[in-house]
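One structure below.
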Amino acid sequence: MEVKIFKPERLAESAGEKLTELFQKNRGREILLLLAGGSAMETLQYIKPEALGTHITIVMLDERWSADPKVCNFLQLKALPFYELAVEAGVNIFDTSPEDRPRDSLGSRTPKTETRKELAARWEEFLREWVAENPKGKVIATFGIGEDGHICGVMPFPEDPQKFSGFFENDRRFVAGYDAGAKTKFPLRITATFSFLRKYLTEGVVFVSGEKKRTALAHVLGSRGTLPETPARILRELTSVTIFTDLR
Numbered sequence: 262m263e264v265k266i267f268k269p270e271r272l273a274e275s276a277g278e279k280l281t282e283l284f285q286k287n288r289g290r291e292i293l294l295l296l297a298g299g300s301a302m303e304t305l306q307y308i309k310p311e312a313l314g315t316h317i318t319i320v321m322l323d324e325r326w327s328a329d330p331k332v333c334n335f336l337q338l339k340a341l342p343f344y345e346l347a348v349e350a351g352v353n354i355f356d357t358s359p360e361d362r363p364r365d366s367l368g369s370r371t372p373k374t375e376t377r378k379e380l381a382a383r384w385e386e387f388l389r390e391w392v393a394e395n396p397k398g399k400v401i402a403t404f405g406i407g408e409d410g411h412i413c414g415v416m417p418f419p420e421d422p423q424k425f426s427g428f429f430e431n432d433r434r435f436v437a438g439y440d441a442g443a444k445t446k447f448p449l450r451i452t453a454t455f456s457f458l459r460k461y462l463t464e465g466v467v468f469v470s471g472e473k474k475r476t477a478l479a480h481v482l483g484s485r486g487t488l489p490e491t492p493a494r495i496l497r498e499l500t501s502v503t504i505f506t507d508l509r
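Following the working numbering, the numbering of the sequence shown begins with 262 at its first residue and continues without gaps.
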């Protein structure tokens with residue numbers, strides 16, 4: 262794990278340049294790009310359009326289960342200029358917003374949109390198919406870190422490490438859908454599991470900006486701590502992770 266420090270005005274640009282470099286380095290391979298929501302999306306505007314292409318497949322790293330464009334990570338991504346550039350470049354894109362059901366399939370008890378569980382299953386199937394079809398492919402992810410130390414939609418569970426492990430460290434699951442309850446404003450979550458990231462991630466770019474993130478970053482970099490307390494410590498276990506931050 263490498264930490265690179267930049268002035269705030271250069272931070273997102275530097276992270277975007279790193280992503281461009283990774284895409285160009287792996288142009289001859291299929292790339293699965295897992296994108297974090299939130300402030301980490303600031304980096305995407307600095308990816309050079311010429312680095313994009315049909316060899317790249319985009320999927321969110323985690324999702325807030327909602328059809329509200331102000332909540333759903335994918336719908337926020339879709340509103341960015343980067344998304345338009347990706348479509349123009351022929352990038353493959355997996356939609357993680359809840360799918361609407363055809364009207365003629367709606368019964369009196371059938372929800373209008375797919376449930377959180379159904380979305381997680383669709384996402385799981387997609388990741389498994391991509392991995393099976395691209396054994397030599399590269400998996401690249403962007404990450405942000407929350408003030409409470411959460412990462413990719415994985416909230417702290419210091420009060421129940423066993424529950425935490427069951428959700429996010431289940432080797433049989435690539436994707437976890439869960440209800441975070443009062444831990445966050447947006448409790449209905451779907452995320453790539455730590456098990457998936459440990460096994461398949463080849464490069465990670467982490468964006469950490471602002472004084473409010475200082476304590477969380479310190480908990481990631483410190484020698485002591487646990488994943489249920491600070492989920493972002495998973496970065497210490499992952500392959501080729503670079504943290505871009507303005508915190509000295």
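Just so it is clear, CB atoms sit at the ideal spot from N, CA and C, and this is done for glycine as well. These figures come from a predicted structure and were not determined experimentally.
Residue i versus residue j - alpha carbon distance
i	j	result
Phe455	Thr318	20 Å
Thr503	Glu345	27 Å
Val348	Arg485	43 Å
Glu282	Ala382	33 Å
Thr487	His411	12 Å
Pro533	Pro489	Residue 533 lies beyond the residue range present for the chain, which begins at 262 and ends at 509; the question has no answer from this structure.
Val320	Ser501	20 Å
Asn431	Gly438	12 Å
Tyr307	Leu296	14 Å
Lys309	Glu420	44 Å
Leu482	Asp361	42 Å
Lys290	Lys373	Contrary to the premise, residue 290 reads as Arg rather than Lys in this sequence. If I take the Cα positions, the gap works out to 39 Å.
Met262	Phe457	18 Å
Gly351	Thr315	5 Å
Asn287	Phe505	21 Å
Glu375	Ala328	10 Å
Leu313	Phe343	10 Å
Ala453	Cys413	8 Å
Contact set for residue i: own chain, Cβ-Cβ below 6 Å, skip 5 residues either direction
i	result
Thr304	Ala273, Ala276, Gly277 and Phe468
Leu388	Phe435
Phe536	The structure shown does not extend to residue 536, since the chain spans only 262 to 509, so no value can be given for it.
Pro269	Asp507
Pro330	Leu336
Cut-off 7 Å between Cβ atoms - residues of its own chain near residue i, not counting five sequence neighbours on either side
i	result
Ser300	Gly405, Phe468 and Ser470
Tyr461	Val392 and Val400
Glu498	Arg459
Local Cβ density within 10 Å of residue i, reported as buried at 16 or more and exposed below that
i	result
Ser358	buried
Ala402	buried
Pro396	exposed
Ile266	exposed
Gly442	exposed
Ala479	exposed
Glu386	exposed
Asp440	exposed
Arg271	exposed
Residue interval of the beta strand (DSSP E) (run including residue i)
i	result
Val481	No beta strand (DSSP E) holds Val481; the alpha helix (DSSP H) holding it covers Arg475 to Leu482.
Glu324	Asp323 to Arg325
Thr503	Val502 to Thr506
Neighbourhood of residue i by C-beta, 8 Å cutoff - its chain only, sequence neighbours within 5 removed
i	result
Val332	Arg325 and Phe447
Glu408	Lys473, Lys474, Thr476 and Ala477
The alpha helix (DSSP H) enclosing residue i, as first and last residue numbers
i	result
Gly407	It is not in any alpha helix (DSSP H) - Gly407 carries neither H nor E in the DSSP assignment.
Ala328	First-last for Ala328: undefined, no H or E at that position.
Leu280	Pro269 to Lys286
Lys339	Asn334 to Lys339
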